[in-house]
Amino acid sequence: MKSGVGAPTRARIPDKTLRTDRWWLPPLLTNLGLATFVVYATVRAFWGSAYWVPEYGYLTPFYSPCISESCLPGSSHLGTPLPELPGWIPLGFLALPFLLGFRLTCYYYRKAYYRSVWQSPTACAVAEPHERYTGETRFPLIIQNAHRYFFYVAVLISILNTYDMILALTHGLGLGGIILLVNVTLLWAYTLSCHSCRHVAGGRLKHFSKNPVRYKLWTVISKLNVRHMQLAWVTLASLVITDLYVMLVASGAISDLRIIS
Ligand code: FES
Numbered sequence: 001m002k003s004g005v006g007a008p009t010r011a012r013i014p015d016k017t018l019r020t021d022r023w024w025l026p027p028l029l030t031n032l033g034l035a036t037f038v039v040y041a042t043v044r045a046f047w048g049s050a051y052w053v054p055e056y057g058y059l060t061p062f063y064s065p066c067i068s069e070s071c072l073p074g075s076s077h078l079g080t081p082l083p084e085l086p087g088w089i090p091l092g093f094l095a096l097p098f099l100l101g102f103r104l105t106c107y108y109y110r111k112a113y114y115r116s117v118w119q120s121p122t123a124c125a126v127a128e129p130h131e132r133y134t135g136e137t138r139f140p141l142i143i144q145n146a147h148r149y150f151f152y153v154a155v156l157i158s159i160l161n162t163y164d165m166i167l168a169l170t171h172g173l174g175l176g177g178i179i180l181l182v183n184v185t186l187l188w189a190y191t192l193s194c195h196s197c198r199h200v201a202g203g204r205l206k207h208f209s210k211n212p213v214r215y216k217l218w219t220v221i222s223k224l225n226v227r228h229m230q231l232a233w234v235t236l237a238s239l240v241i242t243d244l245y246v247m248l249v250a251s252g253a254i255s256d257l258r259i260i261s
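Residues 1 to 261, numbered by the numbering used here, are exactly what the sequence shown covers, in order.
Following this line, the structure appears as structure tokens:
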């Protein structure tokens, strides 16, 4: 390697790293966590059933909005403008690419998968396998600059998930409704803690004192923003738990725990 750590100006150190701690553990755990979610979400996206509980109005977020004639009756809260879809197209195809784009370009997830998957860098003081560093200036990483646009769509999807949750609560209250409510709350916390959201609220201001409302918003979002990493992981878990619960109730494997019928 003539560049990177192998460049002529760098010290000749044959070892990959001189670190003696378990530096490989965080990237490994990150890899496992992300892979688990990706496998689960992909399987469920193509599952094509057990996503809607008509008695209680539970719709899994993975299938919202469902806008084709293939959707189960009652599950299409925005109507069915599209005809039946072939089985290889996920019923939630409208939102899934944007949700995926939002997460993939998220500043926290970038840090996580640049270290664990992309290996650039793998860890502090660990030689990376790449010969050159081009940052986010070339395809495909230049797409990261679209994060703010994914954020705008994510806000619309969060509004839709909130609408789905409120509709479910009009059927009475059960454990499923509480799970939907918690999930939506966490999704809002994650979305609003986004770095782009913080910039929309208070970015490019020269004088906070002349923009008290935006300053207040920026202050609140900044407090949430500190927890963005935790919210990124918690919402992956809450999405899986919500979908799993709806799937189990919809398939008849378990009954919903009803509190108010
Ligand atoms: Fe993570 Fe925007 S920075 S969602």
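We treat Cβ as the ideally placed atom computed from N, Cα and C, and that holds for glycine. Please read all numbers here as calculations on a predicted model, not as lab measurements.
Measuring only from the beta carbon, is Ser-196 closer than 8 Å to any heavy atom that is part of the ligand FES?
Translated into positions along the sequence shown, residue 196 becomes position 196. True, at least one ligand heavy atom lies under 8 Å from that Cβ.
Taking only three categories from DSSP, how would you classify Ser-76?
Residue 76 sits at position 76 when you count from the first residue of the sequence shown. Three-state DSSP puts Ser-76 in coil, outside helix and strand.
Run through the segment 193-253 for me and flag every whole alpha helix (DSSP H) of 4 or more residues, listed as ranges in chain order.
195-202, 212-225, 228-250
Is Ala-112 near the ligand FES, in the sense that its beta carbon is under 8 Å from a heavy atom of that ligand?
Sequence index remark: in the sequence shown, residue 112 carries index 112 (1-based). Ala-112 Cβ: outside cutoff for every heavy atom of the ligand FES.
Would you say Tyr-107 and Leu-34 are within 9 Å of each other, going by their C-beta atoms?
Along the sequence shown, read from residue 1 onward, the residue named residue 107 stands at position 107. Along the sequence shown, read from residue 1 onward, the residue named residue 34 stands at position 34. In this structure, Leu-34 does not lie closer than 9 Å to Tyr-107 by Cβ.
Could you tell me whether the Cβ atoms of Trp-188 and Thr-162 are closer together than 9 Å?
Counted from its first residue, the sequence shown places residue 188 at position 188. Counted from its first residue, the sequence shown places residue 162 at position 162. Going by C-beta atoms, Trp-188 is nearer than 9 Å to Thr-162.
Buried or exposed (CB count within 10 angstroms, at least 16 for buried), Tyr-58:
Against the sequence shown, residue 58 aligns to sequence position 58. That one is buried.
Contact set for Tyr-215: own chain, Cβ-Cβ below 8 Å, skip 5 residues either direction
As a position in the sequence shown, residue 215 is number 215, starting the count at 1. Within the same chain, Tyr-215 has close Cβ partners Gly-202, Leu-205, Phe-208, Ser-209.
When the distance is taken between beta carbons, is Pro-65 closer than 9 Å to Ala-95?
Position 95 of the sequence shown, counted from the first residue, corresponds to residue 95. Position 65 of the sequence shown, counted from the first residue, corresponds to residue 65. In this structure, Pro-65 lies closer than 9 Å to Ala-95 by Cβ.
Would you tell me roughly how many angstroms separate the C-alpha atoms of Ala-253 and Val-43, rounded to the nearest one?
On the sequence shown, residue 253 is found 253 positions in, with the first residue counted as 1. On the sequence shown, residue 43 is found 43 positions in, with the first residue counted as 1. About 18 Å.
Cβ-heavy atom distance between Cys-124 and the ligand FES below 8 Å?
As a first step, residue 124 must be located in the sequence shown, where it is residue number 124. No, since every heavy atom of the ligand FES falls outside the 8 Å radius drawn around the Cβ of Cys-124.
Which residues does DSSP pair with Ser-68 in a beta bridge?
Position 68 of the sequence shown holds residue 68. Ser-68 pairs with Leu-82.
Residues in its own chain within less than 8 Å of Ile-221 by CB, not counting five upstream and five downstream?
Looking up residue 221 in the sequence shown gives position 221. Here the set comprises Leu-192, Ser-193, Cys-197, Arg-198, Ala-201, Gly-202.
Strand pairing of Thr-17, partner residues [DSSP]
Taking the first residue of the sequence shown as position 1, residue 17 is located at position 17. Per DSSP, Val-126.
Which residues does DSSP list as the beta-bridge partners of Arg-258?
Counted from its first residue, the sequence shown places residue 258 at position 258. Looking at the DSSP assignment, Arg-258 forms a beta bridge with Gly-174.
Contact set for Val-249: own chain, Cβ-Cβ below 8 Å, skip 5 residues either direction:
The sequence position of residue 249 within the sequence shown is 249, counting from 1. Taken in chain order, the residues that qualify are Val-53, Tyr-56, Tyr-58, Gly-176, Ser-255, Asp-256.
On the CB-based measure, 16 or more other CB atoms within 10 Å of its CB, does Asn-183 come out buried or exposed?
In the sequence shown, counting from the first residue as 1, residue 183 sits at position 183. Label assigned to Asn-183: buried.
With a Cβ-Cβ cutoff of 9 Å, do Ser-49 and Ser-251 count as a contact?
Taking the first residue of the sequence shown as 1, we reach residue 49 at position 49. Taking the first residue of the sequence shown as 1, we reach residue 251 at position 251. Yes, Cβ-Cβ distance for Ser-49 and Ser-251 is below 9 Å.
Please confirm whether Trp-88 and Phe-62 have their CB atoms less than 9 Å apart.
Taking the sequence shown and counting its residues from 1, one reaches residue 88 at position 88. Taking the sequence shown and counting its residues from 1, one reaches residue 62 at position 62. Contact: no.
Alpha carbon to alpha carbon, how far is Gln-144 from Ala-127? Give it in angstroms, no decimals.
In the sequence shown, counting from the first residue as 1, residue 127 sits at position 127. In the sequence shown, counting from the first residue as 1, residue 144 sits at position 144. Going from the Cα of Ala-127 to the Cα of Gln-144 covers about 24 Å.
Apart from the five residues on each side of it in sequence, which residues of its chain come closer than 7 Å, Cβ to Cβ, to His-195?
What you label residue 195 is simply residue 195 of the sequence shown in a count that begins at 1. Within the same chain, His-195 has close Cβ partners Tyr-107, Asn-225.
May I ask which residues mark the beginning and end of the alpha helix (DSSP H) holding Val-153?
Walking along the sequence shown from the start, residue 153 turns up at place 153. 147-169 is the extent of the alpha helix (DSSP H) around Val-153.
Note down the Cα distance separating Phe-102 from Arg-148, rounded to an integer number of angstroms.
Locating residue 102 in the sequence shown gives position 102, counting from the first residue. Locating residue 148 in the sequence shown gives position 148, counting from the first residue. Taking the straight line joining both Cα atoms gives about 8 Å.
Cβ of Leu-85 within 9 Å of Cβ of Leu-91?
Stepping through the sequence shown from its first residue, residue 85 is reached at position 85. Stepping through the sequence shown from its first residue, residue 91 is reached at position 91. Their beta carbons are under 9 Å apart, which means Leu-85 touches Leu-91 by this criterion.
Contact defined as beta carbons within less than 8 Å: I believe Leu-236 pairs with Phe-98. What is the distance between those atoms, to the nearest angstrom?
Looking up residue 236 in the sequence shown gives position 236. Looking up residue 98 in the sequence shown gives position 98. Not confirmed; about 16 Å, so no contact.
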